[in-house]
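Taking it in order: structure first as C-alpha cells, then the write-up.
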Amino acid sequence: MCLRNGTDPALLYQLVYTGKDPLVLGVGLAAQRDVISFFRYEAADAFGTANPLAGGTSHVLAEGTSQAGNELKTFVHLGFNEDESGRTVMEGMNDYIAARQTPTNFRFAFPGGAGTLTEPGSEPVLWWEDYTDVQRSRPTAGMLDRCRATNTCPKIMETFGATEFWDLRMSPGLIGTRADLDIPLPSNVRRYYFPGTTHGGGGGGFNLNQNTAGGCVLQSNPNPEIDQQRALFVALTDWVVRGIDMPPSAYPTLAAGTLVPANKAAMGFPNIPAIPNDAPNGIVNSVNDYDFGSTFIYNDMSGVISREPPVVKQVIPTYVVKTNGDGNEVAGVPSILHQLPLGTYLGWNVTGSGFFKNQICAFTGGYVPFAQTLAQRLASGDPRPSIQERYTTVGNYYFAASVIAKRLVAQRFLLVEDAQRITSQALQQLTASGLLPLR
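This is the structure we're talking about:
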C-alpha cells in the first residue's frame, strides 16, 4: 500500500483490516514430521518410490536457529515428535537463539515472528518443565507434556546469548512469569548461555574498533558464539548417538544472583561515557500479556484470535544477566574474547533516530571499546581500565588466551582446532594492530 503524502519515519503506523481465506499453516508441522519419519524409517513411499536413505539412518538430530528454533519448540510442544506409527521422529535437537515459540497453529497465523509489538510468540508455554503460570492465570503445563505421554521426547540442547534476554523475551522460560523461581530443567534437557553476545554472535577477532550497526548508536558486537556452539553440537551428537553425557548446563539463575531486573542498579552496570541516555535503563523489550480474545488457546498458541489489535493486560517481569565493573556479563559459557575483553560486549544497542529513537535497536548487540591507554581513559572519564593497564603486552595476552583455550577444550566448550585458530588469530591481530607492545 502507499500513502498520498508518504510516511513519516518519526511516526508508528497501525493498519487494521479485515482478512479472509486463512491457510491451515499448522499442517506444515505434520509435513515436517512425516518427511523426517519417512527418511528415518520407511523403505518406500505409498507409491512404491524407494527411500534413498533406507537402512542408513540410525539417529535424527535437528538444529534450529532463531525462528527455526522457535519452530522446533512448537514441534515438540504440540506433539509432533511422535509419528503416525507412534515412533520417535527426532532423537536430538538444538534450539539455538530461540526464545519463544512460532506462531503457526492458529487462524491467520504468520510463521516466524521476532517479538515485536502485538506479535504472538511469548503467549504459550515457554518452559520445558511443568510450571503453573499464575501471573497470566494459565494452567500447569510444560513443553514436554505431550512427548512425555508418548515416550517420544528428544534429547534437547538449548543455546542462546544476551540479545535473547534483552530483545527476544527469554527470561520467562527460565524463571517464569513472576520471576520468582528457577524452573528446573528436565533430565533430557541441557542449557548453555553465551554471555555478552548479539543475536547469533559476532564475527570474533581481536580488533579494537568495529563498524557501527545500521540504525544503531553503538558499534557492532564482535563477541562470537560459533566456537562454543560448534563444540556443544559435537557434545550433543555424542550424547544422542553414544550415550556420553554433555557438560553440565551453564546459564544464569536467580539462585546464583546472575539473573536480575533489567536496570543499571540491579545489574551493577557502570556509567560508561559513550553509552547514551542512561541506557540500559528502559531498554529491555518486555514481555506483554496480550488479550487476543476468548477463542485463542494461549498455552498452545492455537485456535482463533478474535481481538486484533490485542489489548495489553499487563507487563511481565523481564530479567537479564548481571554484569561486572566493565559492564560484561558474568554467567554461562564465555568466549575467549569475553574473558579477555577489549571492551564491553552488550546484548542490546540503542536506536539512533525515528520513532524508536533511544529505544532498543532491532536484535542487535552493541560494543564499547576500552581506551587504549590510561591517559585516554582519564581524559574521557571512563571508569573501565584501559587495554594497556589490563594486559601490558601482546605476549601476556597471548599466554592468557592460551590458558583459557586449554581450559575450554578440557570442559568440552571448545574444539582443539578452534582453540588453535583463535589463539593464533589473537597473536597475529594484536601484533599487527600495535594495540599493545610486543613484550
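Each residue of the sequence shown is one higher than the one before, counting from 3 in this note's numbering. For each residue, glycine too, the CB sits at the ideal point set by N, CA and C. Keep in mind the model is a prediction, meaning the values are calculated, not measured.
Let's see if you can read the secondary structure: which residues bound the beta strand (DSSP E) around residue i?
i	result
K315	313 to 318
G30	Run containing G30: none in the beta strand (DSSP E); it sits in the alpha helix (DSSP H), 29 to 43.
L187	L187 -> no beta strand (DSSP E), and no H or E assigned at all.
T152	No beta strand (DSSP E) holds T152; the alpha helix (DSSP H) holding it covers 147 to 152.
L261	261 to 263
T346	345 to 347
Y369	368 to 371
As a quick exercise: from the options, pick the residue whose alpha carbon is nearest that of residue i.
i	options	result
T395	A381, G216, F110, L438	L438
R414	L376, A252, V370, K324	A252
P278	M3, T76, A377, Q221	Q221
Q316	N290, A364, R244, F49	N290
I274	D302, G327, T255, P254	G327
E121	A377, I307, T353	I307
G397	R409, A258, Q431	Q431
K359	M3, T9, R6, L13	L13
L1	H79, T59, V62	A query on residue 1 cannot be resolved here, the shown segment of the chain reaching from 3 to 441 and no further.
V352	A281, L187, L261	A281
N107	E125, T118, G94, L119	E125
V322	N265, I299, A45, T239	N265
S139	N7, A428, T179, A373	T179
T297	L63, T59, R109	R109
S189	A116, R386, R150	R150
E160	P249, P224, R148	P249
E73	G94, G114, Y43	G114
A111	E310, R392, T260	E310
G94	G259, R192, G354	R192
G58	E44, S355, G71	E44
W241	G368, G205, G436, V62	V62
A276	I185, A381, V314	A381
G71	A46, I38, A116	A116
L119	T433, Y393, S355, V314	V314
N96	T325, I318, T239, V243	T239
K324	T200, Y194, A258	A258
Q427	L440, Y400, L410	Y400
I299	V127, Q341, I246	V127
Given a cut-off of 9 angstroms, decide if residue j and residue i are closer than it, judged by their beta-carbon atoms.
i	j	result
G207	E331	no
A407	T425	yes
G163	G203	yes
T20	S173	no
L55	F77	no
S404	P226	no
Q230	L344	no
N301	P141	yes
P11	F357	yes
D293	P263	no
L256	L187	no
F196	G334	yes
A233	D420	yes
E84	D36	no
G81	R148	yes
V370	G329	yes
Y98	S68	yes
D384	A373	yes
G468	N209	With the chain running from 3 to 441 in the structure shown, residue 468 is simply not present.
If you follow the alpha helix (DSSP H) that residue i is in, where does it begin and where does it stop?
i	result
E73	69 to 79
L339	338 to 341
Y393	389 to 393
L234	228 to 239
L14	That residue, L14, is in no alpha helix (DSSP H); it is neither H nor E in DSSP.
E166	164 to 168
L376	376 to 382
M3	It is not in any alpha helix (DSSP H) - M3 carries neither H nor E in the DSSP assignment.
A267	266 to 269
Under three-state DSSP, which class holds residue i?
i	result
D420	helix
G94	strand
F401	helix
P254	coil
I285	coil
L429	helix
R192	strand
L410	helix
G175	helix
K324	coil
V352	strand
Quick check: is the beta carbon of residue i nearer than 9 angstroms to any beta carbon in chain D?
i	result
T90	Of the protein chains in the structure, only one exists, and it is not chain D.
*Take every Cβ of the region 127 to 139, pair it with every Cβ of the region 22 to 40, and state whether three or more of those distances are shorter than 8 angstroms.*
Too few Cβ pairs lie closer than 8 angstroms, so no.
*Any chance the region 50 to 58 sits against the region 89 to 108, with 3 or more Cβ pairs inside 8 angstroms?*
Counting Cβ pairs under 8 angstroms, fewer than three are found: no touch.
*Between the region 81 to 101 and the region 151 to 170, do three or more beta carbon pairs fall short of 8 angstroms?*
The region 81 to 101 vs the region 151 to 170: in contact.
_Would you call the region 208 to 219 in contact with the region 351 to 363, where contact means no fewer than 3 C-beta pairs closer than 8 angstroms?_
Because the criterion of three Cβ pairs below 8 angstroms is met, the region 208 to 219 and the region 351 to 363 touch.
*Determine contact between the region 165 to 183 and the region 347 to 358, defined as no fewer than three beta-carbon pairs at a distance below 8 angstroms.*
Flag = yes, the region 165 to 183 and the region 347 to 358 touch.
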